[in-house]
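J.: A single structure is presented below for examination.
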Ligand SMILES: Nc1ncnc2c1ncn2[C@@H]1O[C@H](COP(=O)(O)OP(=O)(O)O)[C@@H](O)[C@H]1O
Ligand SMILES: [Mg+2]
C-alpha cells in the first residue's frame, strides 16, 4: 500500500516547552487512523505540526512522498492535505456558501471533486441553509461546515481534530460513517483525533494511542504502536 503520510522522529515546541518527542507514524492510502490520547497528550500539537501551523524543530513529515515540514500551512493545504481545526474557525459573518467558497481549490488528479451538491448529500443540514450566516448555526452545523469547507479543497488526505467535540450523538454517528465510505471509495487517507472514545469506532480503523508522561519539568509524548 502507498504511504500517504509519514511522520518521523518529530519534535515540537511551544516556545521553550518541548511537547512532542520523537513522534512517528505512517498513514497509508485508503486507511483511517484514529489518534487517541488523554487531554494534553499532544494530539492537536501533532496535527498542527503536520499541517504546518507549528513548525517542527526536528524530524520530518512526508506527504505523498514529498517533504512538507517547514512549509507554510497554505502551501501544505494546496498540496492536498486538508486540516479541520478543533476550534472550527468558520467565518461567522459569511454564509454557508461563502464559507465553502473560501475552501475551494482546483480539482486534483485522482481525487473526487467536491461542490455544494455533493456536500449537501453528505451533510443534508447544510443543503437546507445555503444562505445562513455561520454565526447563526448550531455547534453541530458549524462542525459540519468546517469539515465541508476542508473537503471543498479536494484533499487527498484529511486531518480532523476532535470532530465529535460538542456535537450531538446523531452527528457523531454520521461523522464516523462517512470517512469509512470515503476512505474505501476514493483511496483517501484520514486521520482522526479523539480525546475520548465517545463513540464506537468501526472495527477496521487503525488506532494510534498517544501516551504521555512528564520527564522532569518536560512533557514527553511517544507513540506506542
Ligand atoms: N499554544 C500553546 N502554548 C503552550 N503550550 C501549549 C499550547 N497548546 C497546547 N499546549 C500544551 O501542549 C500540550 C499538548 O497539548 P495538545 O496538543 O493540545 O493536547 P491534546 O490535543 O492531546 O489534548 C499540553 O500540555 C498543552 O498544555
Ligand atoms: Mg486537542
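In our numbering, the protein residues as written are 12 to 236. All C-beta atoms in this analysis are idealised placements derived from N, C-alpha and C, irrespective of residue type, glycine included.
Suppose you measure from the CA of residue 119 to the CA of residue 147; what does that come to, to the nearest Å?
T.: Spanning the two alpha carbons is a distance of roughly 32 Å.
J.: In the DSSP assignment, find the unbroken alpha helix (DSSP H) run with residue 152 in it and report its ends.
T.: It spans 150–162 - the alpha helix (DSSP H) in which residue 152 sits, taken as one unbroken run.
J.: In the structure shown, what three-state DSSP assignment does residue 79 receive?
T.: In this structure, residue 79 counts as coil in the three-state DSSP scheme.
J.: Report the rounded CA-to-CA distance for residue 28 versus residue 68, giving the unit in angstroms.
T.: Their Cα atoms are separated by approximately 12 Å.
J.: Which same chain residues end up closer than 6 Å to residue 160 when comparing Cβ atoms and leaving out the 5 residues on each side of it in sequence?
T.: Excluding sequence neighbours, residue 160 sits near 110, 111, 114.
J.: Whole angstroms are fine: how far does the CA of residue 60 sit from the CA of residue 30?
T.: Straight-line Cα distance between these residues: approximately 11 Å.
J.: Just to confirm before moving on: does the CB-CB distance between residue 145 and residue 133 stay below 8 Å?
T.: No, they are not a contact pair.
J.: By Cβ distance below 6 Å, which residues in the same chain neighbour residue 82 in space, the five residues on each side in sequence not counted?
T.: Same-chain partners within the cutoff: 63.
J.: With DSSP as the reference, label residue 129 as helix, strand or coil.
T.: Reduced to three states, the DSSP call for residue 129 is helix.
J.: May I have the straight-line CA-CA distance separating residue 166 from residue 122, to the nearest angstrom?
T.: So the alpha carbons of these two residues sit roughly 7 Å apart.
J.: So the alpha helix (DSSP H) residue 85 belongs to, where does it begin and stop?
T.: Counting along the chain, the alpha helix (DSSP H) containing residue 85 begins and ends at 84–89.
J.: Find the nearest neighbour of residue 100 within the set 58, 32, 150, 70, judged by alpha-carbon distance.
T.: Ranking the options by Cα distance to residue 100, first place goes to 150.
J.: I believe residue 105 touches residue 127 by the beta-carbon criterion, under 8 Å. Please report the beta-carbon distance rounded to the nearest angstrom.
T.: Not a contact, Cβ separation roughly 14 Å.
J.: Return the CA-CA distance between residue 135 and residue 53, expressed in angstroms with no decimal places.
T.: Looking at the two C-alpha atoms, the distance is approximately 33 Å.
J.: Tell me the DSSP secondary structure of residue 135 in three-state form.
T.: Reduced to three states, the DSSP call for residue 135 is helix.
J.: With distances taken between CB atoms, is the gap from residue 58 to residue 19 smaller than 8 Å?
T.: No, these two residues do not count as a Cβ contact at 8 Å.
J.: Determine the closest residue to residue 73 out of 92, 85, 55, with distance taken between C-alpha atoms.
T.: For residue 73, the nearest C-alpha among the options comes from 92.
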